[in-house]
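K.L.:
Before I ask anything, here is the structure I am working with.
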Amino acid sequence: MFYNKAKKTAIAELKRNESSYNNLGVQANQLAMDLYSSRKLASNAIDRIEKYINTLANTPKEFVKEIDEVKLNIKEFNEAVRIEKENASANIKGGAAAGVGVGVGGAIATLGPTTAMAIATTFGTASTGTAIASLSGAAATNAALAWLGGGALTAGGGGMAAGNAFLALAGPVGWGIAGALAVGGGAFAAIKNKKAANDAHKKNLELQNKIFELRPKKAKLAELLKKTNDLREGLSVTTMVNSFPADYRLFNDVQKESLAALINNARSMGQLINERIA
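The opening residue of the sequence shown carries number 121 in my numbering; numbering runs sequentially from there.
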């Protein structure tokens with residue numbers, strides 16, 4: 121049948137691109153989760169630094185001031201972590217599978233508060249243009265979950281139940297293009313060959329553009345994760361707590377340099393935690 125071969129070729133290419141895009145999305149999602157986890161560990165390390173500075177006798181005032189500024193800088197991120205914990209017991213993944221087609225794959229089905237906040241703190245901007253994590257309380261929860269396409273948990277919503285809206289809004293990590301295109305469901309099978317070939321070709325171009333956009337995001341995620349992990353290694357206070365004097369006036373020059381370096385690392389981490397991917 122005329123255009124039958126063209127249709128088959130276009131659909132085969134579409135499926136290959138779909139697979140590539142979904143794989144990229146899964147990888148980017150995992151990197152976002154790993155980055156969020158590393159940032160939480162870094163925030164906890166900054167808390168330990170703050171505690172150490174506050175218990176150290178005769179701590180230079182500038183050190184106290186700098187740690188206070190770091191804590192202020194990461195307040196937005198810590199608010200996101202609080203939102204995650206508040207919603208951790210809520211089931212927002214059950215509605216996901218019910219709201220979307222099988223072609224979406226497992227990524228959506230595993231979405232929960234941790235993933236939501238990982239994405240929100242890495243990519244997220246609320247509809248007002250304000251970073252989602254800078255909002256507070258219910259407003260933050262509503263903004264983050266609405267951005268992901270579902271009703272707020274606090275209002276009894278299903279979180280991810282608005283399947284197609286979620287697919288449209290999940291672009292930063294590339295989930296669910298299969299559901300949007302309905303490739304796996306054979307949506308093109310019943311369409312006339314010429315139209316199916318043209319439609320598949322258009323979707324291929326769209327998908328190739330999305331792959332082109334997603335690859336640098338994934339690379340940036342990997343870069344951010346490495347920088348965060350590397351810098352986090354310089355936030356340990358264990359040696360200072362266990363072997364340094366309890367009074368700063370008794371520090372030798374090497375110990376003073378070590379503490380100054382720790383404070384500098386904390387300051388750098390305070391900036392790195394807030395870095396977003398456009």
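In this text, a Cβ means the ideal position worked out from N, Cα and C, and glycines have one as well. The model shown is predicted, which means the values in this text are computed figures rather than measured ones.
Out of N124, I397, G390 and I383, point me to the one whose CA is closest to F183's CA.
P.N.:
I383
K.L.:
Can you list, in chain order, the residues of its chain with a C-beta nearer than 6 angstroms to that of L325? Leave out the 5 residues immediately preceding and following it.
P.N.:
none
K.L.:
What are the boundary residues of the alpha helix (DSSP H) that includes R202?
P.N.:
DSSP places R202 inside the alpha helix (DSSP H), whose first and last residues are K195 to N207.
K.L.:
For V374, does the count of other Cβ atoms within 10 angstroms reach 16, so buried, or fall short, so exposed?
P.N.:
exposed
K.L.:
With 16 other CB atoms within 10 Å as the buried threshold, where does E204 fall?
P.N.:
buried
K.L.:
Can you list, in chain order, the residues of its chain whose CB lies under 8 angstroms from that of K160, leaving out five sequence neighbours each side?
P.N.:
V201
K.L.:
Taking the alpha-carbon of A398 as reference, which of D167, T359, E333 and E377 has the nearest alpha-carbon?
P.N.:
E333
K.L.:
Curious, which full-length alpha helix (DSSP H) runs of at least 4 residues does the segment 313-368 contain?
P.N.:
313-352 and 358-363
K.L.:
Between the C-alpha atoms of L134 and E206, what's the straight-line distance to the nearest angstrom?
P.N.:
41 angstroms
K.L.:
Indicate whether R387 and E186 have their beta-carbon atoms separated by less than 7 angstroms.
P.N.:
yes
K.L.:
Buried or exposed for L345, going by 16 or more other Cβ atoms inside 10 Å?
P.N.:
buried
K.L.:
Can you name the start and end residues of the alpha helix (DSSP H) that A148 belongs to?
P.N.:
N124 to T175
K.L.:
Could you round the C-beta distance between I331 and N137 to whole angstroms and report it? I think they count as a contact, below 8 angstroms.
P.N.:
7 angstroms
K.L.:
Taking just the CA atoms, how far does L151 sit from V361?
P.N.:
33 angstroms
K.L.:
Of all the options A240, H321, G390 and R369, which has the alpha carbon lying nearest to the alpha carbon of L351?
P.N.:
G390
K.L.:
Use the C-beta contact count for L370: other C-beta atoms within 10 angstroms, 16 or more gives buried, fewer gives exposed.
P.N.:
Flag for L370 reads exposed.
K.L.:
CA-CA distance, F243 and R168?
P.N.:
Their backbone Cα atoms lie some 28 angstroms apart in a straight line.
K.L.:
Assign A387 to one of three DSSP states: helix, strand, or coil.
P.N.:
Note that residue 387 is Arg in the sequence shown, not Ala. In the three-state scheme derived from DSSP, where H, G and I count as helix and E and B as strand, R387 is classed as helix.
K.L.:
Just verifying my parser: in three-state terms, what is the DSSP assignment at G278?
P.N.:
Per-residue confidence for G278 stands at a pLDDT of 35, beneath the threshold of 50, marking its modelled position as unreliable; the derived number appears in the next sentence. Three-state DSSP puts G278 in coil, outside helix and strand.
K.L.:
Taking the straight line between their C-alpha atoms, what separation do you get for T179 and Y141?
P.N.:
52 angstroms
K.L.:
Taking the alpha-carbon positions, what's the N174 to A366 distance?
P.N.:
Each residue's alpha carbon lies about 11 angstroms from the other.
K.L.:
Helix, strand or coil for P180 per DSSP?
P.N.:
coil
K.L.:
Could you give the distance in angstroms between the alpha-carbon of D188 and the alpha-carbon of G354?
P.N.:
18 angstroms
K.L.:
Distance, Cα to Cα, T129 vs A162?
P.N.:
49 angstroms
K.L.:
Answer with buried or exposed for K127, where buried requires no fewer than 16 other C-beta atoms within 10 angstroms of its C-beta.
P.N.:
buried
K.L.:
Taking the alpha carbon of Y172 as the point to measure from, which residue in S356, I239 and L392 has its own alpha carbon closest?
P.N.:
S356
K.L.:
Give the DSSP-derived three-state secondary structure of A398 in the structure shown.
P.N.:
Assigned with DSSP and collapsed to three states, A398 falls in coil, not helix or strand.
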